[in-house]
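In my numbering, the protein residues as written are 23 to 476.
Ideal Cβ placement from N, Cα and C applies to all residues, glycine included.
Have a look at the structure below, then the notes.
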Ligand code: CA
């Protein structure tokens, strides 16, 4: 049956019976299980949005497909849900592919070649990866301009510590712990801290946490890049003392009794910016209507993911083998803001969980330019980017951050005006150590930091 007919029969069927698990089973039997209808292979993950129903006249997307990459951490949920719940199909893009990437380096390589070359058009990114790719700084000098279209989530990350450091007071605040790190150095080694991709969120969180406690991350610590799939095993065999990544991996360290969590990133910086939806500029410029459709589907998925009533189902969908391949229970607790951090520390507070649509500071999905500026400023702090980037940041951010496209899609989607930010700045940000970042004065922030390379 061709796609159009399938859509009609599906719509008719859903109209007469209501979307349900039974509908999905019936459709599978009747229509030969089209891949976009059964990506999860279970009744629980059947789409609930009717294909094409969100497309207004004149807004038909130029293409029905896009290839989007993701990494199996909670940040990816809006992309997976937009596919699983049929939101891409609803906005006229039933053929969107959401493809698991082996690691961040593979995602970067795949966006470099684009879907034309068998890669991806965009997807989930840590910051400031879309900027580094745009500038050709991590793509062997080849500049691939990208657009940041939305933020996927805030919070939802943590710093895990190996069990051998239990009882040493390595919690959120490391004040007074410098001697402990020095003692490890005196033994001829250094405290090893890992993340899955350098010079982006995860490295920033671990560096921020260490430096706030007076530990120089370049002198008293050895920083390493390790593929996510290896982190648990490496910590188990003692090759690593700490690692920084997205849920559910820190939680798994505790669940598997390998270590404990010293800090949730939500404790380091409440409602902090985390990962983003960004797509190649050439793809977006060529497909403005499809871009809007993708954005609407992602936003609708974000609203769905944000609802705690849906999070049991979200855990079930994400846990499947083709997505994260982890037990549902490992996902469920962090998604509900329940963290057993180990060392007797427990958090049971939904406001500390990963957020997808709204958090304590307002919009999650809207990509604030002030946050892109923090990531660039932090890159300058550690000399990942030369200092000139502070003066060129505004022009660069204006060329990469397409908050205007986000707003147009939000208005089209009928998002309440109160939920559409009126400023590209979220204003002054405050970290757990009292340090403040005023987006109007990034230099003042840098000056206020004790440990830095600039
Ligand atoms: Ca992350």
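Cβ distance (whole Å) where residue 300 is taken to contact residue 152 below 8 Å: That pair is a contact at about 4 Å.
Sort 256, 184, 251 and 199 by Cα distance to residue 233 and report the nearest one. 199
Is the distance from the Cβ of residue 275 to the Cβ of residue 268 below 8 Å? no
Report all residues from its chain with a CB closer than 8 Å to the CB of residue 325; omit the five preceding and five following residues, and keep chain order. If you ignore the 5 residues before and after residue 325, its C-beta comes within less than 8 Å of the C-beta of 378 and 379, all in its own chain and listed in chain order.
According to DSSP, which residues form a beta bridge with residue 173? 298
Per-residue DSSP class, three states only, for residue 413: DSSP, reduced to helix, strand and coil, places residue 413 within a helical segment of the structure shown.
Within 10 angstroms of the Cβ of residue 315, are there 16 or more other Cβ atoms? Answer buried if so, exposed if not. buried
To the nearest angstrom, how far is it from the Cα of residue 145 to the Cα of residue 205? 43 Å
Is there a C-beta anywhere in chain B that falls below 8 Å from the one on residue 296? No chain B appears in the structure shown, which is made up of a single protein chain.
Along the chain, where does the alpha helix (DSSP H) containing residue 326 start, and where does it finish? Note, residue 326: alpha helix (DSSP H), 310-328.
What's the C-alpha gap between residue 305 and residue 109? Taking the Cα positions, residue 305 is about 20 Å away from residue 109.
Taking the alpha carbon of residue 369 as the reference point, which residue from 433, 195 and 273 has its own alpha carbon closest? 273
Have a look at residue 385 and residue 338 and give me their C-alpha separation to the nearest angstrom. 26 Å
Mind reading off the beta-carbon distance from residue 403 to residue 448? Whole number of angstroms is fine, and I expect it under 8 Å. 19 Å between Cβ atoms; not a contact.
Which value, in whole angstroms, describes the spacing of the CA atoms of residue 122 and residue 85? C-alpha separation (whole angstroms): 22 Å.
Using the rule of at least 16 other Cβ atoms within 10 Å of the residue's Cβ for burial, across every protein chain shown, is residue 57 buried or exposed? The predicted model places residue 57 with a pLDDT of 35, which falls under 50 and marks its position as unreliable; any figure quoted below should be read in that light. Classification of residue 57: exposed, given that the 10 Å Cβ count is below 16.
Uninterrupted beta strand (DSSP E) stretches inside the region 154-218 (no shorter than 3 residues): Counting whole runs of 3 or more residues, the region 154-218 contains the beta strand (DSSP E) stretches 168-173, 179-184 and 213-217.
May I ask you to report which of helix, strand or coil DSSP gives residue 119? strand
Inter-residue Cα distance where the pair is residue 415 and residue 72: 42 Å
Outcome for residue 263 when other beta-carbon atoms lying within 10 angstroms are tallied against a minimum of 16: buried
For the alpha helix (DSSP H) holding residue 284, just list the boundary residues, first then last. That residue, residue 284, is in no alpha helix (DSSP H); its beta strand (DSSP E) goes 281-286.
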